[in-house]
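**Q**
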Amino acid sequence: MKIYIKILVAFVLLLSINTPSINTSSKTVEAAYDYSNLSCTNEQGRDIVFVIQDTPDIQSHDPDQSRVTEVLSLMDDASSKDRFGFVGFNKEVTKELALTNNIVQAKSKLNEFGKNISPYMANDLSKGLEKAVDELTKKSTSNDKVIVIMTVGNSIYNEVSKKLAAKAYEEDITIHTISFGDPLYADAPFLTEIAKLTGGNYTHSPNAAFLKDVLSKLSIPVQNFSGREVYSDWTLTQDVVEPNGLLIHDNVKVDLNGYDLTVNGQLVMQSCSEMRAVNSVITAKDLHQQSRATIHLNNSQLNVKNELVQDGNVLVNGNYGSASIPEIKVNMYNQKIHGFLRLAGQLMEVEKDFLQEGNINFEKGRVTVQQDAVQKGYLNVQEGKLQVNGNLTINGGPLMDVAFTENKSLNVGGGVVQVGFDDGIGSTGNVKQLSGQLYVNHGTVEIFGDYTISDGWLTMIKGSMDTTSAGYGPGDGDYVRVHGNFTMASLRNHMERQYSYIGQPMNDQSHLTDGVLEVAGDFRQMGNTESHSTYSDRYQKYEKNYSKFNFNASGRHKVLLTGKGNISFASSGASFNILEVSGKYSDYTVSGPVKWKYDHLIERSVSANADLASLSINDIPVVGFDPKVKNYFNHIVQPGSFTSGVSTLKVEARADDYLNAKVEVLNNIISTDGTAKVQVLVTAHDGTTQNVYTINVKVGSGSNGQVTSVTLDREELLFTEEGTNFKPNRATLTHTVYPNNAVNQKVLWTSSNHSVVTVSPSGIVTPVGIGQASITVTTEDGNFSDSVTVKVLKQVDLLEGIKTLADLVSDNDRYNRIMNGLYDMNKIGIVVPGTYIQSINFSALGNLAVGTVKTNLAAPKVDKVEVSINGIPLLANTVTAYEEFTFLRATMSVRDYIEVIAYDATGNELERVSSSYPVNFTAGTPVVPGFYSIQRLLADPATFSLILDYYSPEQLRFAAQ
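Numbering (mature numbering (1 follows the signal peptide of the UniProt record, and there is no 0)) for the sequence shown: -21 to -1, 1 to 940.
(1) Given Asn310, which residues of its chain have a CB within under 7 Å of its CB, disregarding the five upstream and five downstream residues?
(2) Going by the beta-carbon positions, is the gap between Lys535 and Ala592 smaller than 7 Å?
(3) So, Ala828 versus Arg868, is the Cβ gap smaller than 7 Å?
(4) Would you decide whether Val569 is buried or exposed? Buried here means 16 or more other CB atoms lie within 10 Å of its CB.
(5) How about Asn856 and Thr865: do their beta carbons lie closer than 7 Å?
(6) DSSP three-state call for Asp234: helix, strand or coil?
(7) Distance check for Ser105 and Leu176, CA to CA, integer angstroms please.
(8) Starting from the C-beta of Cys251, find all residues in its chain whose C-beta is less than 6 Å away, skip the five residues before and the five after it, and write them out in chain order.
(9) Are Glu700 and Gln751 close, meaning C-beta to C-beta below 7 Å?
(10) Going by the CB atoms, is the gap between Asp445 and Val419 shorter than 7 Å?
(11) Starting from Glu172, trace the alpha helix (DSSP H) in both directions and tell me its first and last residue.
(12) Cβ atoms of Leu108 and Gly132: under 7 Å apart, would you say?
(13) Just reading off the alpha helix (DSSP H) that Phe923 is part of, what are its end residues?
(14) Any idea if residue 1022 is buried or exposed, counting beta-carbon neighbours within 10 angstroms, 16 or more meaning buried?
(15) Between the Cα of Glu862 and those of Ile848, Gly886, Asn849, Ile816, spot the shortest distance and give me the residue it belongs to.
(16) Given a cut-off of 7 Å on the beta-carbon distance, is the pair Leu76 and Lys88 in contact?
(17) What do you get for Gln397, buried or exposed, if any count of 16 or more other CB atoms within 10 angstroms of its CB means buried?
(18) If you drop the 5 nearest sequence neighbours on each side, which residues of the same chain put their C-beta closer than 7 Å to that of Gln217?
(19) Tell me where the alpha helix (DSSP H) around Leu558 begins and ends.
(20) Just tell me which of Gly178, Met248, Ile173 has its CA closest to the CA of Val209.
(21) Can you tell me which of the three DSSP states Ile440 falls into?
(22) Tell me, please, which residues DSSP counts as bridged to Ala881.
(23) Look up Ser4 in the DSSP assignment and say whether it is helix, strand or coil.
(24) Taking its Cβ as the centre, do 16 or more other Cβ atoms sit within 10 Å of residue 968, making it buried, or is it exposed?
(25) State buried or exposed for Ile926, treating a residue as buried only when at least 16 other CB atoms are found within 10 Å of its CB.
(26) Let's test the definition: count the other Cβ atoms within 10 Å of the Cβ of Tyr929 and tell me whether it reaches 16, buried, or not, exposed.
(27) I'd like the list of long-range same chain contacts for Trp575, defined as Cβ closer than 8 Å, with 5 residues on each side in sequence excluded.
(28) In the DSSP assignment, the beta strand (DSSP E) including Pro35 goes from what residue to what residue?
(29) Excluding sequence positions up to five away, which residues of its chain have a Cβ less than 6 Å from the Cβ of Glu150?
(30) Nearest to Lys641 by CA position, among Asp36, Val616, Pro453, Gly435, is which residue?
(31) With three or more beta-carbon pairs closer than 8 Å as the criterion, would you say the segment 690 to 708 touches the segment 665 to 677?
(32) Would you check if the segment 313 to 331 and the segment 285 to 299 touch, i.e. whether three or more CB-CB distances between them fall below 8 Å?
(33) Which stretch, first to last residue, makes up the alpha helix (DSSP H) that contains Leu580?
(34) Grab me the residues of Gly830's own chain with a C-beta within less than 6 Å of its C-beta, minus the 5 sequence neighbours each way, in chain order.
(35) In whole angstroms, what separates the C-alpha of Leu197 from that of Asp43?
(36) His614 and Val676 - do their beta-carbons sit closer together than 7 Å?
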């Protein structure tokens, strides 16, 4: 047993080390887009929460209580930065200790796990896991976050635990699992699954020898890594070739210093490690980058021969070599949820498959995927291009904000998404949307196969001109062209649907209000369900079926059908807005309740028009352009106008017959002498008529690559205190250096008051104390700057002046700040009256109307009651013996409005109740008086509706606990 104990100590020590074994899980997890990955420091420790089963069963399988004694030994070796917490569980949480670095206190609490074992056999791992995840999330520091689950391992499987493991993964928490006793008891697959999802490990040992063997194997990836390990900062002085692997440990910085690094095995970057390349090449067989690790590619290239697993940051600045050479070249790409890739106008090529769960910003860059691509995170094309030569799966998350800016969406953002190619085979070029959103956002989507929407949203709301005009085409607004069949089978509502909740709008926005959806094959609308006749899809958290309105267009949105395929609708709630067809509508096979708005049906015949309507190069219109003139000379472009590399021209050519004519750019590359002959081929809809436009281009003189400005993504940032911490505990500012292709993209972050907030070199803002400060970003090139005002508020600052529910909802700006994460929704809410005023009863005394107000004896005692009748105040007399107050009025009419206000001895208002004469009031009818948190009201709308049926917002006192 002593061997067993020693091995358990070793195992627990190993749990705090992130192993470089690759986590290949592709489970869908819903997370906020926090790609900052927390700040890194050389002095970080470990935050470890032990989740220990507290039942007689674990005592019988671990009679020597190694689960207690060996954690005590672990704490003896802890550093001053380490913090420990404990959670005991059976079917509920039985024992707990919040994270602390007070070892004496922690040991004392842990001893309870051995002395006072719960007598209940039932156990629910999710209860303990939820408490641990919450503890590590709300008290987050720069420490590594670890959960160690100790359990017999039987009867623990449930979906809640899996969801909690997914949440731990998104919060950068590593879970390790240990089971005790009989291996037949343990649900090994489940314990393995929740550990592996977060990059952790599972082990079970029926005896000391077995456990020793398992632990020795677990330690191999760290202690016996097949290759070189780097423990301290390293600056290269020559090209380096590592014959095996290279492991860069936590917080280590590697500067390539202009030299090349080649790793013939696995390159592993542990948490908070950093690699900086300037005019260098990084080559590896495999690259596994853990969260909070960063690669800076400055005029450099990253070349991964097999798989890049990215859970940290990759930041590209400047091009490597010529415009045709990619800055990132990988065989397979697997971005995890914490990953952040900034292309900054450069190129990335993926030879095989592409899986994205984190955040990618193209910033006019280009990504080419030779096989299939899956989008699950936030992918922002940003005037760049995503080209997928296989198939694309859109599988993001639900809408998080009505502006469509914080969602796990594929945001085309003025760029181009192309799936497949013109002469591709039928098995490629298809788009399957399983969830999430395709947000076209003034961009162009070219799909050479079928587009099938099983769930989620197609959002087309941007345009700059009338979609029925002859000149409208890609670039004028949202444009989606499907060369195959289009099927809309989503469960999500696409129509505007108004609904108000707690005085605030919970409306569904229209998703099809502008732009053109062009379909060459069949057009199918499927689904005819409306989950609720009045509730909005958003209010029901996008969990119900609203397929009846999954295609209901309005505004300027137009569907263009060009292939004379079938048109079918399953729902009477579906509708085209503008429907344009090639040929006659009667040429199409139509089934179901197909309709369009008003008289918006346009029929067009086949055209022989091969003219251009407009032509520009590098955003400069060709001087003297005339559709009938085919040759142009001396078109000048400036060096700073290039966005796709220093030798690639941006050619925008729009056909006069934008609906049907095909436009091809035959040459857009600048030669070494600074000139180019650009040719644009236009083929008419008839397939035979063609025109070729030729433009001679010359690069003019001028300075290239200088910074002109810098901007931040917001003007104000708010934090509020929460006990000894702040909410949120950090925030990330995003900056943009202009132009995007400026050579020197470096910036400096500064805080005007470090006692209020600090800011990291990557723009992560951390609150320190109450007050106001400015965070400024300044460019190294040109000293341009932009600032944001940061306010760290006291808990009560935003709540000042809010006395009632009416006050809360009267100021939309303040309401949104309060509701959007600055306060704990469990601690703010409303008070239903009746705690102090027990009843109001009316009677008659001769010609007088008498009102009797009965109050509660509970402290604080009601000292004074004020009555107003139709707004006129009237003081009530005290009948102290019965804690009653009376008021008299000679003339009272039915439905006179009566308001009663109770005060304590210091004049503070306790509560107010209103009624209409002669309707009596009795507390607790129909709603129990007391505090109702906002969180409770959000979760129980029926109760809140009942409250509002009996009390006006002015009667409901606002309270913060």
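For every residue, glycine included, the Cβ atom is placed at its ideal position computed from N, Cα and C. For clarity, every value in this text was computed on a predicted model and none was experimentally measured.
**A** A quick look at the data gives this:
(1) Val283, Lys284, Asn285, Glu286, Glu330, Lys331
(2) Note that residue 535 is Arg in the sequence shown here, rather than Lys. No, they are not a contact pair.
(3) yes
(4) exposed
(5) yes
(6) Asp234 falls in the strand class under three-state DSSP.
(7) 16 Å
(8) Cys19, Asp229, Asn230, Arg271
(9) no
(10) no
(11) 167 to 176
(12) no
(13) 920 to 929
(14) For the chain, the structure presents residues -21 to 940; residue 1022 sits outside this window and is missing.
(15) Ile816
(16) yes
(17) buried
(18) Excluding five sequence positions before and after Gln217, the CB atoms of its chain that fall closer than 7 Å to its own CB belong to Tyr238, given in chain order.
(19) Careful: Leu558 lies outside any alpha helix (DSSP H), inside the beta strand (DSSP E) at 557 to 561.
(20) Met248
(21) Reduced to three states, the DSSP call for Ile440 is coil.
(22) Val844, Glu890
(23) Bear in mind that the predicted position of Ser4 carries a pLDDT of just 31, short of 50, making it unreliable; the figure below should be weighed with that in mind. It is coil, neither helix nor strand.
(24) This structure gives no information on residue 968, because the portion of the chain shown stretches from -21 to 940.
(25) buried
(26) exposed
(27) Taken in chain order, the residues that qualify are Ser554, Phe555, Asn556, Ile557, Leu558.
(28) Careful: Pro35 lies outside any beta strand (DSSP E), inside the alpha helix (DSSP H) at 35 to 40.
(29) Thr116
(30) Of the residues Asp36, Val616, Pro453, Gly435, the one whose Cα lies closest to the Cα of Lys641 is Pro453.
(31) no
(32) yes
(33) Here Leu580 belongs to no alpha helix (DSSP H); instead the beta strand (DSSP E) covers 580 to 583.
(34) Phe821, Phe866
(35) Unreliable placement is indicated for Leu197, whose pLDDT of 35 sits below 50; no coordinate value is reported for it.
(36) yes
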